[in-house]
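Numbering-wise (UniProt numbering), the sequence shown opens with residue 1 and increments by one.
Ideal Cβ placement from N, Cα and C applies to all residues, glycine included.
No experiment lies behind these values; they were computed from the predicted model shown.
Structure first, commentary second.
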Amino acid sequence: MPHLDAERFLRDLNELRQIGAYKTGVHRPTYSPQDMESRRWLMERMAEVGLEPSIDGIGNVYGRHKGPGPQLLAGSHIESQNYAGWLDGALGVVAGLALARAGLPVDVAAFADEEGHFEGGFLGSRSIIGDLTEEEIDRSRNRTDGTPLREALAAAGLAGKPRMQLEKGRHKGFFEMHIEQGTQLEKAGLRAGVVTGIVAIWQWRILIEGQQDHAGGTTMAERRDAGLAAIRLLAMLDQEMPRACGERSTWTTGRIALDPGAPSIIPGKADILFQFRDVEVPVLERMERCLRACVQESNRRERMTATLLNVSKATPALCDPAMMAALDAAAAKHAPGAWQRMPSGAGHDAQYIARMMPVAMLFTPSIGGISHHWAEDTKEEDLALCCRILADGAEGFLKT
1 MPHLDAERFL
11 RDLNELRQIG
21 AYKTGVHRPT
31 YSPQDMESRR
41 WLMERMAEVG
51 LEPSIDGIGN
61 VYGRHKGPGP
71 QLLAGSHIES
81 QNYAGWLDGA
91 LGVVAGLALA
101 RAGLPVDVAA
111 FADEEGHFEG
121 GFLGSRSIIG
131 DLTEEEIDRS
141 RNRTDGTPLR
151 EALAAAGLAG
161 KPRMQLEKGR
171 HKGFFEMHIE
181 QGTQLEKAGL
191 RAGVVTGIVA
201 IWQWRILIEG
211 QQDHAGGTTM
221 AERRDAGLAA
231 IRLLAMLDQE
241 MPRACGERST
251 WTTGRIALDP
261 GAPSIIPGKA
271 DILFQFRDVE
281 VPVLERMERC
291 LRACVQESNR
301 RERMTATLLN
311 VSKATPALCD
321 PAMMAALDAA
331 AAKHAPGAWQ
341 RMPSGAGHDA
351 QYIARMMPVA
361 MLFTPSIGGI
371 SHHWAEDTKE
381 EDLALCCRIL
391 ADGAEGFLKT
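So this is what it looks like as structure tokens:
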């Protein structure tokens, strides 16, 4: 079995967290000076373990193994959400380095903008499989300050660099290690999770048209308040969705924007962003039917119109059975009775890489389930344990 240097793995993780350090977390938004410094740091570490490092025109950092195949691919991302955690993404990349250092035939990748600082999201993993067009790059803007993606790439020194694509047939499979970003493992007293699949996110926009009017002169009986209609519709959805959902389905109202949004004006319009997630398409389809039925019922009850618009429908990415079995065996060896299989409720680069090769993911527990916040953390002994599981699982899969 591979000899994993757990001490060096943890040292690399803690060294990386010093770049863009914020409280106990990090602030490394995509293409920021801190993000680019972390990419240069990563290329130096790749060279140290014998990989051939490069960075492409979208910011993907790639370390190519020099030896004969069959090769594996391992990695994740190293930019962060704003003022967020030190492990989200970085864990998978540094774990990939640890596999390479242990002598496994692994290419290591850090994909750009998994965190979606720019419109479109998953820029790096989508680009590397050929799913990101030049036209989309032209259109994309930073979600926080509106900076065009082309300008951000130029400022980061990436303008004019070619964008790489994965070589077909080179890799037997892709492994991504990640924090759970939830409480399932911690609540069950478990130390590792073998991921069965990555949820699809179906995004929706609900527009409600009421009547803007004076908050004092318009009686309650006369009002067509789009804000109240929005609240009633969302309450109905929260009541009805449990009849349609699966065991691990989630649904979220990410935004309610009222127009004009003034204290003394009855809102004439409501603009709602709504999403639901599951790993099974039949469940997603049931949830869509429930959403449509609730919108229809709202239109029957209210004196105003709600219009439902689909924004996007992703496809669930199921993990490869042979790769899961290899991780199962490694988890049973290193954490007997302290691991389980589980779905991923969050999106990951692996869901795009799955379009080109088999994929598998391994989860570590998240303390308190906290993620996308600087307080995000995992016990170092759990990090080291899961890296050993990942290495043995990768070795076992190579032998199949």
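Can you tell me whether DSSP reads residue i as helix, strand or coil?
i, result
"K313", "strand"
"G396", "helix"
"P343", "strand"
"N82", "coil"
"S366", "coil"
"R255", "strand"
"K333", "helix"
"F276", "strand"
"A325", "helix"
"S264", "coil"
"F122", "coil"
"L99", "helix"
"I198", "strand"
"I129", "coil"
"R141", "strand"
"P33", "helix"
"D107", "strand"
"I389", "helix"
"E151", "helix"
"E240", "helix"
"R289", "helix"
Distance check for residue j and residue i, CA to CA, integer angstroms please.
i, j, result
"R45", "G160", "25 Å"
"A88", "V359", "Before going further, note that residue 88 is Asp rather than Ala in the sequence given. Each residue's alpha carbon lies about 18 Å from the other."
"S80", "H372", "8 Å"
"P343", "C387", "19 Å"
"V311", "G116", "16 Å"
"D213", "R223", "8 Å"
"P105", "W41", "21 Å"
"P68", "P365", "35 Å"
"A221", "A338", "59 Å"
"A21", "L13", "12 Å"
"A317", "M304", "39 Å"
"P70", "A95", "19 Å"
"G120", "G216", "43 Å"
"G50", "I256", "51 Å"
"I19", "D377", "17 Å"
"S125", "I353", "7 Å"
"L234", "V295", "9 Å"
"D392", "L383", "14 Å"
Measure from the alpha carbon of residue i to the alpha carbon of each residue in the options, then state which is nearest.
i, options, result
"H65", "A100, Q351 and V94", "A100"
"L309", "Q351, Q203 and D349", "Q203"
"A47", "A230, A6 and D107", "D107"
"V195", "A188, R224 and H178", "H178"
"T252", "R277, E240 and A244", "R277"
"I78", "G96, A112, P53 and Q184", "A112"
"A306", "A317, L318 and A293", "A293"
"A322", "L398, A230, H3 and A235", "L398"
"A155", "H27, G63 and I58", "I58"
Under a Cβ-count criterion, where at least 16 other Cβ atoms within 10 Å of its own Cβ denotes burial, should residue i be classed as buried or exposed?
i, result
"T24", "exposed"
"S264", "exposed"
"T315", "exposed"
"N60", "buried"
"I163", "Looking at the sequence provided, one finds Arg at residue 163 rather than Ile. Answer is buried; the Cβ neighbour count reaches 16."
"E134", "exposed"
"T144", "exposed"
"G157", "exposed"
"V93", "buried"
"Q239", "exposed"
For residue i, which beta-bridge partners are listed by DSSP?
i, result
"Q71", "H171"
"H214", "I265"
"I179", "T364"
"A270", "I208 and L258"
"A192", "W339"
"M307", "As written in the sequence, residue 307 is Thr, which differs from the Met given in the question. Beta-bridge pairing links T307 to L207."
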